[in-house]
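Colleague: First, the structure itself, so that you have it in front of you.
Protein chains in written order, with our numbering: chain B, 53 to 520; chain F, 288 to 702.
Encoded structure:
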């Protein structure tokens, strides 16, 4: 590695440096890389370029791009333009890496409109990246050209690019204090986009939303941070949040897709067999509807020190309390009177709940989903599994969102505290955890940190905004 | 001057021309600057005064000036066809220093354009780049080898050329081939069948099929060279399938003369069902011994994305017995998937057939995947481990450990 010089050098000094470098053929590349890394003054880089231009009569494209990166890093607008002009005459087309740099560099300067023309140029050869759009949208909104910013934002959505939080946040930030019905509608649109895609903003983005609401002239919006109770009532405005029930259509849609994608998939034999699935279907049809469906094997591993059948027995006893109709799904090996599965206990349980035993190599989760969905909207299921693999089997994102929504509202989880003697069942959410509105209130769940990202984790903190 | 300009224009326009050539041409055209700067450097050496002003923007002038005429004469850019545009783009990426192949054929360019996403495009170009590099390396090595051989020949020629007496004519490879073929032919009459199930084409991408066939070719090769080869069956092999195309690519005219049975029939039509055993890593049953009366089936599938249970599903559908290799039992598994390549399977099965020695056979599992051999059965190892722990920690811990061991084996069973 080489340390770039601090001052511009003469040609012969560069020559000497180059000679002393162990592999002179890559000297320039390495030198420019380290200049970018050390953020050297651009005069140094220029002196090297001048030396190269004079001795070779030409400068390689890769070096120009590296010089460009240095200029962008230091916000040297006029240099960026010059490099662009040179590239433009020198090469037939410019590749995406240089365009990314040019757009980023120019959008942060007073020549940001130039970035827009570059974006148009990029569009001719490929789909611009989402960071290209990000730069342009941010630049436009920074200069109060919000119409333009939204135009770009919509264009980006039609190209199936997912906007970054930064873009969305910038749109809120720069719309602050403006009284414009059209603009307001657009920003509400962003909130609905978050709702549709079950995206939760992070804390700083949430603050931007709050401040924007409160800044609308004559809007009289007030925002409060709060935690929603289990009942689903907002402590601030006493408003009841939406429940997570699906509509009839969504529900039947989800059921069909689960059968098609998760249970059958490409080959029914992968998770079960047609005979077995048929047997299960008739079994379920004859005993409908259930109130709770239990993943027997999953529950039986609850406490490792206890026998498996004991764990399951506890769970069944606990859940059978209110005359709930239970279905326990298991595998055939549970019936083979082993040290973990005592026959007497199994017998006793079978009086309290319906049991279905799948083949040892079948997947019981698929049956769990089917039985629950077939029983109707009131039916819940018990498992510690997050069901991520099944969600992944669903083929389009819309159904995946439906699945998650349904899962949030219908999965009874078991808390994993080891020291407590009794099993602890966590009821599913009674309310739906998405951005929601009633017109004069908005409730927005948010993440505490930027990088909470597990799909099954749902934020517990909310922003409540109401209009006085 | 005019001719020089013409030349320049030509070079600039045809950017397909490697950059290095451009350098060279330029140097010849503008010889002044280089010699000047060099001579300056030589003459002045350390004496160059720091007060001398550097023109930092001189490079821009150079870059622009050499091209002024060009940019004037080049008419507004014509709309390029998508293929040509893609070629330009790839070329630009190359000179920007990305991993991109130098030469790209029309067909590859089409595949490149059809890649569904940017990352897929990037990956494809990278793949081509690496392929190109290794090809170049091979060529270079071959050339070196040839030169070395020539040298030694010359040396030998210069030595005394006494004729050695030998009772054999040097025809080694031909003789070996004949012997192998004889053995393979015998195996086709008396040998134990081994089935490769070629029904996974729609589960694989084109590249995966190509990899599969490569592995099959290797397997066939090592089978042929073994002392007691299997009688290979390629079952469910359709005539116009991708598999076939790839086979022909590899074997050329030898494909029709291979001493194997290739058929579009299913193995269930050829052999009695109760003799068939489908080998799959997903099987709940673990193979204990190699049975010389059974007919083992291997799925001809390379699975780069994770598709579990595909071959198990196939066996379930046909109601066949399944088995997995006892990898856990003999190896302390480290990392990596339990599914092995087809040629590794072939080596393992051949060794088992000849010796019945699991340890020897499982030598062919890649070393990176396991830490070492379990020299005793696992339960014995666990017993000694428990004993050590009781001595060390007292009785209470032993019970916990027992419980854990029990749970653990249960978990394995459920899998």
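Quick reminder that beta carbons are idealized off the backbone N, C-alpha and C, glycines included.
In the DSSP assignment, what are the bridge partners of residue 609 of chain F?
Modeller: F:565
Colleague: Do you know offhand how far residue 348 of chain F's Cα is from residue 143 of chain B's?
Modeller: 16 Å
Colleague: Three Cβ pairs or more, each shorter than 8 Å: is that satisfied between the region 220-239 of chain B and the region 262-282 of chain B?
Modeller: yes
Colleague: Going along chain B in order, which residues have a C-beta closer than 7 Å to the C-beta of residue 571 of chain F?
Modeller: 412 and 413
Colleague: Give the interface partners of residue 401 of chain F over in chain B, defined as CB-CB distance under 8 Å, in chain order.
Modeller: Near residue 401 of chain F there are no residues of chain B at all, since even the closest Cβ is about 14 Å away, more than 8 Å.
Colleague: Which of the three DSSP states is assigned to residue 642 of chain F in this structure?
Modeller: helix
Colleague: Can you give the beta carbon distance from residue 524 of chain B to residue 94 of chain B, rounded, assuming they're within the 8 Å contact cut?
Modeller: The question about residue 524 of chain B has no answer here: the residues shown for chain B are numbered 53 through 520.
Colleague: Along the region 369-384 of chain F, what residues have a CB closer than 7 Å to any CB found in chain B?
Modeller: 372, 375, 376, 379, 380, 382, 383 and 384
Colleague: Quick one: does residue 113 of chain B have its CB under 8 Å from some CB of chain F?
Modeller: yes
Colleague: Between B:320, B:180, B:353 and B:296, which lies nearest to residue 247 of chain B when the distance is taken from Cα to Cα?
Modeller: Closest option to residue 247 of chain B, judged by alpha-carbon separation, among B:320, B:180, B:353 and B:296: B:296.
Colleague: Taking all protein chains shown into account, decide if residue 463 of chain F is buried (16 or more other Cβ within 10 angstroms of its Cβ) or exposed.
Modeller: exposed
Colleague: Give the DSSP bridge partners of residue 279 of chain B, in chain order.
Modeller: Answer is B:513.
Colleague: I need the straight-line Cα distance from residue 477 of chain F to residue 515 of chain F, nearest angstrom please.
Modeller: 10 Å
Colleague: Is DSSP giving residue 430 of chain B helix, strand or coil here?
Modeller: Shown here, residue 430 of chain B sits in coil according to DSSP, grouped into three states, outside any helix or strand.
Colleague: For residue 466 of chain F, tell me which candidate among F:415, F:344 and F:546 has the shortest Cα-Cα distance.
Modeller: F:546
Colleague: Which runs of the beta strand (DSSP E) fall wholly inside the region 389-443 of chain B and span at least 3 residues, in chain order?
Modeller: 406-410 and 432-434
Colleague: Taking just the CA atoms, how far does residue 74 of chain B sit from residue 629 of chain F?
Modeller: Per the coordinates, the alpha-carbon of residue 629 of chain F lies some 46 Å from the alpha-carbon of residue 74 of chain B.
Colleague: For a test of the three-state rule: what should DSSP assign to residue 440 of chain F, helix, strand or coil?
Modeller: Reduced to three states, the DSSP call for residue 440 of chain F is helix.
Colleague: Determine the contact status of residue 611 of chain F and residue 652 of chain F, defining contact as a CB-CB distance below 8 Å.
Modeller: no
Colleague: By DSSP, does residue 185 of chain B sit in helix, in strand, or in coil?
Modeller: It is helical.
Colleague: State yes or no: is the C-beta of residue 533 of chain F within less than 8 Å of the C-beta of residue 519 of chain F?
Modeller: no
Colleague: To which residues of the same chain is residue 287 of chain B closer than 6 Å at the C-beta, ignoring the five residues directly before and after it?
Modeller: 278
Colleague: Hey, residue 432 of chain B and residue 464 of chain B are a contact pair by Cβ (cut 8 Å); roughly how many whole angstroms apart?
Modeller: Contact between residue 432 of chain B and residue 464 of chain B holds: CB atoms are separated by about 5 Å, below the 8 Å threshold.
Colleague: Is residue 59 of chain B closer than 8 Å to residue 254 of chain B when the C-beta atoms are compared?
Modeller: no
Colleague: Return the residue from the list B:342, B:341 and B:365 that minimises the CA-CA distance to residue 352 of chain B.
Modeller: B:365
Colleague: Suppose the cutoff is 8 Å on Cβ atoms and the five residues either side in sequence are ignored; what does the same chain contact list for residue 447 of chain B look like?
Modeller: 309 and 313
Colleague: Mark residue 600 of chain F as exposed unless 16 or more other C-beta atoms lie within 10 angstroms of its C-beta, in which case mark it buried.
Modeller: buried
Colleague: Who are the neighbours of residue 104 of chain B on chain F, taking C-beta pairs under 8 Å?
Modeller: 346
Colleague: Buried or exposed for residue 347 of chain B, going by 16 or more other Cβ atoms inside 10 Å?
Modeller: buried
Colleague: Under the three-state reduction of DSSP, which class applies to residue 499 of chain B: helix, strand or coil?
Modeller: strand
Colleague: Just tell me which of F:535, F:625, F:395 and F:381 has its CA closest to the CA of residue 589 of chain F.
Modeller: F:625
Colleague: Could you spell out where the beta strand (DSSP E) holding residue 465 of chain B opens and where it closes?
Modeller: 463-466
Colleague: Which whole-angstrom value describes the C-beta separation of residue 164 of chain B and residue 195 of chain B, a residue pair presumed to lie in contact below a C-beta threshold of 8 Å?
Modeller: 7 Å
Colleague: Between the C-alpha atoms of residue 406 of chain F and residue 386 of chain F, what's the straight-line distance to the nearest angstrom?
Modeller: 13 Å
Colleague: Would you call the region 381-400 of chain F and the region 114-131 of chain B touching, i.e. three or more CB-CB distances under 8 Å?
Modeller: yes
Colleague: Name the chain B residues that come within less than 8 Å of residue 343 of chain F, Cβ to Cβ?
Modeller: Residues of chain B with a Cβ closer than 8 Å to the Cβ of residue 343 of chain F are, in chain order, 60, 95, 98, 99 and 102.
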